[in-house]
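UniProt numbering puts the first residue of the sequence shown at 1, with every later residue one more than the last. Using N, Cα and C, we set each Cβ at its ideal position, and we do this for glycine too. Working notes, structure below.
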Amino acid sequence: MHFASDNTAPVPPQILEALIEANHGHTMPYGNDVTTTEVRDAIRIAFEAPEAEVYLVATGTAANALALACLCPPWATIYCHQNAHVEEDECGAPEFFTGGAKLTLVGGDHAKVDPDALARAIGFTARAGVHNVQRGAVSITNATEAGAVYSPAEVAAICAVARKAGLPVHMDGARFANALVSAGCSPAEMTWKAGVDVLSFGGTKNGLMGVEAVVLFDPARAWEFELRRKRGGHLFSKHRYLSAQMAAYLKDDLWRKMATRANAAAQRLSSGIAALPGATLLHPTQANSVFAAWPREGHRRAQKAGAQYYLWPMDQSLDGPGDQPLSARLVCSWCTTDDEIDAFLRLVEGHSDSVIAPGPHA
1 MHFASDNTAP VPPQILEALI EANHGHTMPY GNDVTTTEVR DAIRIAFEAP
51 EAEVYLVATG TAANALALAC LCPPWATIYC HQNAHVEEDE CGAPEFFTGG
101 AKLTLVGGDH AKVDPDALAR AIGFTARAGV HNVQRGAVSI TNATEAGAVY
151 SPAEVAAICA VARKAGLPVH MDGARFANAL VSAGCSPAEM TWKAGVDVLS
201 FGGTKNGLMG VEAVVLFDPA RAWEFELRRK RGGHLFSKHR YLSAQMAAYL
251 KDDLWRKMAT RANAAAQRLS SGIAALPGAT LLHPTQANSV FAAWPREGHR
301 RAQKAGAQYY LWPMDQSLDG PGDQPLSARL VCSWCTTDDE IDAFLRLVEG
351 HSDSVIAPGP HA
């Protein structure tokens, strides 16, 4: 019963097979291999963006921080939600890679930036001229840290506010595949057609061993990104092992299939929790994360049986009255099974006859 994170999931066999195949013979380093070219072309086709430049890095933090560094100078600020991943979970990497740019935090329900709140924050910036940080860039997370998904129309509304102020927009898409299949739109509609300038196109949380793509819809930013990636220590020498993963990810729509499976598992889990006595959902389940609360005694049973998930916030205690609700975050992956979910729900409800079946192969 593994719901701590989609990062805990194994790598699907197609990815491992691609890595084994990539391991044959010699090929040029630093992204000069044939597979990297094929990946760039495949992403351009998928996003209907023939001029886009595509670069691979190993981590989401590198993808976000390097992308934002190309958008925001050191004396400016990045507008993002107060619960954005770049704010909560990247140890100051955006600030570091930009050379000191500030993050200006904006509110909104379910970790979505509210366009009106963004407009107010932008309007309040640099009111004393040179004495203040300047307007820099906007960053949104899709799917959000609360498991919600921006529709293309919602992305466009954010981008319209940014455009009015002359600001570029970055999308943190660590779970972009989950957001995309949930919204039922095309990659282009979710990104550049709505006004996004740079996308961090995630792979790791959706089954890859470790690779993310930075998609620059404005190729004029490409050379700066290349320099920042090298200077920041994120240009892989044996780059083929990154590109091999991403090539297999894109082949036969594997990335969409795995995201669809993870989202469906989250819907099953969310519906099951919502039906339990004393349980409530805290955010809409639109991607592969579930945020819910249920009585403490149910948490005790589940965690005693080995279920893995986080109390959210993490400073809650299992000690105390059994009927008091505690909130939690549960994340499903490409290989979460119905049996795993049903066993967890039985434990929370008070049954212990849980049998876990092995996970499927994508």
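Scanning its chain for C-beta atoms nearer than 7 Å, with the 5 sequence neighbours on each side dropped, one finds around Q267 the residues T285, in chain order. If you look at E17, you'll find it in the alpha helix (DSSP H) that goes P13 to A22. P325: member of the beta strand (DSSP E) spanning P325 to V331, first to last residue.
Judged by DSSP secondary structure, S270 falls within the alpha helix (DSSP H) whose first and last residues are L254 to A274.
In terms of Cβ geometry, L167 and A52 do not form a close pair [threshold 8 Å].
Apart from sequence neighbours up to five positions away, the residues of its chain that approach C80 with a beta-carbon distance below 8 Å are V86, E87, L103, T104, L105, V106, V113, V138, S139, I140 and T141, ordered along the chain. For P187, the enclosing alpha helix (DSSP H) stretches over residues P187 to M190. Its chain contains E53, Y55, L66, A67, C70, V214 and L216 as the residues whose beta carbon lies nearer than 8 Å to that of F225, once the 5 sequence neighbours on both sides are disregarded; these appear in chain order.
The alpha-carbon of A194 is positioned some 20 Å away from that of R256. Remark: three or more beta-carbon pairs, one from each stretch, lie closer than 8 Å, so the region 155-172 and the region 118-133 are flagged as touching.
Two segments are said to touch when three or more pairs of C-beta atoms, one from each, lie closer than 8 Å; by this definition the region 258-274 does not touch the region 32-41. Listed in chain order, the non-local C-beta contacts of L326 below 7 Å within the same chain comprise A293, R296, H299, L311 and Q316, local neighbours out to five positions each way being set aside.
Secondary structure of K102 (DSSP, three-state): strand.
By a beta-carbon distance limit of 8 Å, E38 does not contact A177. Their separation comes to about 19 Å.
Ranked by Cα distance from T27, the first of G92, L16, M190 and A244 is A244. Considering only S200, A126 and A76, the residue with the shortest C-alpha distance to E95 is A76. Rounded to the nearest angstrom, the gap between the Cα atoms of T204 and S5 is 11 Å. Rounded to whole angstroms, A128 and Q134 show a C-alpha spacing of 10 Å.
Excluding sequence positions up to five before and after E17, its CB lies within less than 8 Å of the CB of A248, all in the same chain and listed in chain order. Rounded to the nearest angstrom, the gap between the Cα atoms of D338 and C332 is 11 Å. For A222, same chain residues with a beta-carbon under 7 Å away, outside a window of 5 residues either side, are E53 and L216 in chain order. Nearest to G207 by C-alpha distance, out of P10, F3 and D342, is P10. Judged by DSSP in its simplified three-state form, D338 adopts helix. Counting C-beta atoms within 10 angstroms of its own C-beta, S200 has 16 or more neighbours from the protein chains shown and is therefore classed as buried. Our two residues, D252 and S289, have alpha carbons roughly 25 Å apart in a direct line. For the set L330, R301 and R329, the Cα lying nearest the Cα of D319 is the one of R301. Counting along the chain, no beta strand (DSSP E) covers Q308, and no H or E run does either. Less than 8 Å divides the Cβ of N263 from the Cβ of V181.
Rounded to whole angstroms, the separation of the alpha carbons of L330 and G306 is 14 Å. Exclusion of the five residues before and after V198 leaves A67, H170 and L216 as the residues of its chain whose Cβ lies within less than 6 Å of its Cβ. Counting C-beta atoms within 10 angstroms of its own C-beta, H239 has 16 or more neighbours from the protein chains shown and is therefore classed as buried.
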